[in-house]
Structure formats: structure tokens, C-alpha cells
Amino acid sequence: MTNCKFRIGIGYDIHRLELNRNLIIGGVKIPYEKGLLGHSDADVLVHAIIDALLGALALPDIGTLFPDTDPKFKDANSIELLEKVYTLVKEKGYRINNIDSNIIAQAPKMMPYIPQMKEVLGKVLELNIDDIAIKAKTKENLDSVGEKRAIEAQAVVLLIS
Ligand code: ZN
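Using the working numbering, the first residue of the sequence shown is number -6, and each one after it goes up by one.
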């Protein structure tokens, strides 16, 4: 690994919305008629942040680290996976400078839950809430996200040694 002070990482994720699933985004349970489908709890924002952290370290992605073929990760709490990845960040001698992210969902409204998400993520990642941005976007009714069949998330992180 280069002996550089900064490392940047990008993460992206998408999960399908289905009936009879809990909707958990940013570690927060959001009341809605549907939830995200996945092997774990399918927390799309946390997965994007995990991939951004792993990307910044040039490590293999979340699917390689926590394979969905492994029963150990069935219904896994993504916040616990994030804790594991953050431990890797610290072991490599880095801390997080800041995170920027987007949740792209046509429904439900994310805005009311964002302060709570920032609190959860700040606690796990030892960050001030001023260093975590979570923006709520829609897809203007276009494509699968716009048709409320899926939710997407994107994240960028900056690590500093
Ligand atoms: Zn995911």
C-alpha cells in the first residue's frame, strides 16, 4: 500500500423491494409495506459505505468478504459487518475523514430518518455527524427505482492516516 496520507473509495448498491421484508437503511428500521430483499438484512446504504471503505483500501468487495453463499451471513445485521470493516480500516492505520452518500428511493420518504441514520453510523465509525452526509434522492418515477421496485445507494469515503 502506498505511503499516502489520503485514500478515497466509492461504493454502490441496489436491492429489490419485496413484501414481507423489513426495510432497514443506514441501520434504521423504516416503517413501509415492503423491505429490501437480500441474504443479509439488505441495508443498501451500509453496503455502499462498506464497499467504499473496502475500495479505499483496495480490498475485495463486500460480496467477496461476506459471501451470500455462507449461511453465517443469512439475515446478517449489516451494522455488524460495517463494524468488522471499520476494524480493518483502523488495522491498516487509517481513520475516516468524512463520508458522502445518496439514498435513491422513490418511496418511502427517507428524510425523516436521516438524522437517526447519521447517529447510528457516527457511533459505529467514530465520526461526528457533521462528517457524514446522507442525501435523499428520487428517480423521478423512472426505471426500477422510480417504479418503487428497488432502492439504490451510493457512497464516497475519504480515509486519512
Ligand atoms: Zn447489498
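Virtual Cβ for every residue (Gly too), placed ideally from N, Cα, C.
Can we say the region 59 to 66 touches the region 94 to 108, given the rule of at least three CB pairs closer than 8 Å? With a cut-off of 8 Å, the region 94 to 108 and the region 59 to 66 do not count as touching, because too few Cβ pairs lie within range.
Which residues does DSSP pair with residue 150 in a beta bridge? For residue 150, which the question treats as bridged, DSSP gives the partners 2, 92.
Looking only at DSSP bridge pairs, what is residue 143 linked to? DSSP, once it has assigned bridges, lists 9 as partnering residue 143.
What's the gap between the Cα of residue 19 and the Cα of residue 85? Put simply, the backbone Cα of residue 19 is about 24 Å away from that of residue 85.
Nearest to residue 73 by alpha carbon, out of 108, 50, 116, 94? Shortest Cα-Cα distance from residue 73 to any of 108, 50, 116, 94 involves 116.
Confirm the yes/no value for this check: CB of residue 31, any heavy atom of the ligand ZN, distance under 7 Å. In terms of side-chain proximity, the C-beta atom of residue 31 is found nearer than 7 Å to a non-hydrogen atom of the ligand ZN.
Would you say the beta carbon of residue 63 is closer than 7 Å to some non-hydrogen atom of the ligand ZN? Residue 63: no, Cβ never under 7 Å from the ligand ZN.
For residue 28, which of helix, strand or coil comes out of DSSP? Three-state DSSP puts residue 28 in a strand.
Kindly give me the distance between the Cβ atoms of residue 0 and residue 50, rounded to whole angstroms, as I take these residues to be in contact under 8 Å. Residue 0 to residue 50, Cβ: 7 Å. Contact.
Could you tell me the distance, in whole angstroms, from the CA atom of residue 110 to the CA atom of residue 13? In a straight line, the C-alpha of residue 110 is about 22 Å away from that of residue 13.
Return the chain-ordered ranges of every beta strand (DSSP E) run that is complete within the region 53 to 138 and spans a minimum of 3 residues. Annotation note: the region 53 to 138 contains the following uninterrupted beta strand (DSSP E) runs of length 3 or greater, listed N- to C-terminal: 88 to 97, 125 to 130.
Identify the continuous alpha helix (DSSP H) that holds residue 43 and give its terminal residues. Unbroken alpha helix (DSSP H) run through residue 43: 37 to 49.
Throw me the rounded Cβ distance for the residue 11 and residue 22 pair, which I believe falls under 8 Å. The pair is not a contact, with the Cβ atoms about 16 Å apart (cut-off 8 Å).
Kindly list the residues whose CB is nearer than 7 Å to the CB of residue 153, restricted to its own chain and excluding five residues on each side of it in sequence; keep chain order. Hits under 7 Å: -2, -1, 87, 88, 90.
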